[in-house]
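So the structure is just underneath, and the comments pick up after that.
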Amino acid sequence: MTPRHDANRAMSRHARAPAPAGPQPSARLARRSLLAALAALPWLPAAAQAQQPSAAQTRDAKSDSLTLIVPYAAGGPLDRTARPLVEASTAKLGAIQILYVPGDGGAKGSNMVAQATAQDRLLLMGAAATHAVLPWLQPQLGYDPLRDFQPLVLVARMPNVLVMRSDLARQWRIRTPLDLQRFLAKHRQPLRYASGGPGSSGHLSGEMYQMLTRLPLLHLPFGGTQPALSALLDGSADLLFDSLASSLPHIRAGRLQALAVTTLERAPLLPEVPSLNDTVQGFNMANWFGLFAPASWPAEQAQRHAAAFSQAMRSRPVQDTLSAMGALPEELQLQEFARFVRSEHSKYGLLVQAARIRQL
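In the UniProt record's numbering, the protein residues as written are 1 to 360.
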């Protein structure tokens, strides 16, 4: 059976700029550059209510206590990890406040830390979005992710999972990534994949999949991950690259079929699900987050805080929180974390350019 498509609806909201008819040398060159760069990048081995900062809170951030800026609303994975991490760090670092500064996809809170001095005592719980993706999509970002921060500790990576409705998977006989590739190659008609919006992790995962397989997918951007998941469940979309925590209840209930995870290693919560890299060579994508200090911090201050947070990450509450989210714990510090951020920044820049994703 050939899948149905709502092409007009999809193309009206498509996040990629229209390409000229026929194969373009620049597009071929971009794909070759992406493939070469992906092969060369140093991949990691397998191994409160939301609130806007008031003037009083900004003054508090300049007191003796540390203030950890979470650049998203409370309740997400960064917040869930920040709370036990802060509690486990107070013995060595003293009181640490958490301040939620959502806005501009994470750029608002990131700018607060980028512009801070060492005396401001501000830290950032940054992420792939703030340091590797947004710089390529928002030209007026206001900060340089490589120059304006000192990476302290990479806390964790979170794999996405490629899912489709279980009834559709049975009907089309798709249970593995190889089954999906064969289906797409046979029908030559793109399946519809939903995402949380242009530039989201799910969108970029779909673009990388198309670049590496040369198989077409049709992007359906929605205003958040929950609407995208709802579209998959109600049949408005065929595929979704979703966070593991979001899709896991539906996978366990039998509503969704997990085809693959997007990291090189398998996810501990879904050990039977293969890595997409097993069949799509070079595919490696994860949502990651870590702690950043302003570039103005002295090296000794950065080293002391990195060591304290690294020790706190080994505490049982932090490990249990990461495990429950399906995250892959990491402990890259300082220079190693900085190299990782540079490689991710380069990877996403190549992907955005090769896929001709419009700036936001």
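Note that CB positions come from ideal geometry on N, CA and C, so glycine has one too.
| Asked | Found |
| --- | --- |
| Grouping DSSP H, G and I as helix and E and B as strand, with all else coil, what is tryptophan 172? | helix |
| So within the stretch 272-335, which uninterrupted alpha helix (DSSP H) runs reach at least 4 residues, ignoring any that extend past its ends? | 299-313, 316-325 |
| In whole angstroms, give me the CA-to-CA distance for alanine 295 and threonine 263. | 30 Å |
| Just to confirm before moving on: does the CB-CB distance between leucine 85 and phenylalanine 283 stay below 9 Å? | no |
| Between the Cα of alanine 312 and the Cα atoms of Val70, Gly76, Gly94, which residue gives the shortest distance? | Gly94 |
| Cα separation between arginine 316 and leucine 270? | 21 Å |
| List the endpoints of the continuous beta strand (DSSP E) containing proline 135. | Element bounds for proline 135: not the beta strand (DSSP E) but the alpha helix (DSSP H), 134-137. |
| Quick one: using the 10 Å Cβ neighbour count with 16 as the cut-off for buried, is threonine 117 buried or exposed? | exposed |
| Count the C-beta pairs between the stretch 206-213 and the stretch 138-157 that are closer than 8 Å, then say yes if the count reaches three, no if not. | no |
| Check whether the Cβ atoms of phenylalanine 340 and leucine 180 sit closer than 9 Å, and answer yes or no. | no |
| Verify whether the separation of the beta carbon atoms of residue 383 and leucine 220 is less than 9 Å. | Outside the shown range of the chain, which is 1 to 360, sits residue 383, and nothing can be said about it. |
| Cα separation between alanine 286 and arginine 182? | 25 Å |
| Here's a check: name, in chain order, each residue in its chain whose Cβ is nearer than 7 Å to the Cβ of tyrosine 143, leaving out the five neighbours to either side. | Ser110, Asn111, Ala114 |
| Taking just the CA atoms, how far does proline 329 sit from proline 274? | 19 Å |
| Relative to the C-alpha of glycine 235, which candidate in Arg83, Gly75, Arg165 has its C-alpha closest? | Arg165 |
| Spatial neighbours of proline 177 within its chain, please: C-beta separation below 6 Å, excluding the five flanking residues on both sides. | Leu259, Ala260, Leu276, Thr279 |
| For glycine 349, name the three-state secondary structure that DSSP assigns. | helix |
| Which full runs of the alpha helix (DSSP H) of 4+ residues lie inside the stretch 162-241, going along the chain? | 166-172, 177-187, 201-213, 225-233 |
| By a C-beta neighbour count over all protein chains shown, 10 Å radius and 16 as the cutoff for buried, is proline 159 buried or exposed? | buried |
| Do you know whose CA, among Ser243, Ala231, Phe292, lies nearest leucine 332's CA? | Phe292 |
| Compute the beta-carbon to beta-carbon distance between residue 361 and glutamine 97, rounded to the nearest angstrom, for a pair I have assumed lies under 8 Å. | Residue coverage of the chain in this structure runs from 1 to 360, which leaves residue 361 outside it and unanswerable. |
| By DSSP, does threonine 263 sit in helix, in strand, or in coil? | coil |
| Roughly how many angstroms lie between the CA atoms of arginine 83 and leucine 123, to the nearest whole one? | 14 Å |
| Do the CB positions of valine 130 and proline 71 come within less than 9 Å of each other? | In the sequence as displayed, the identity of residue 130 is threonine instead of valine. In contact: threonine 130 and proline 71 (Cβ atoms closer than 9 Å). |
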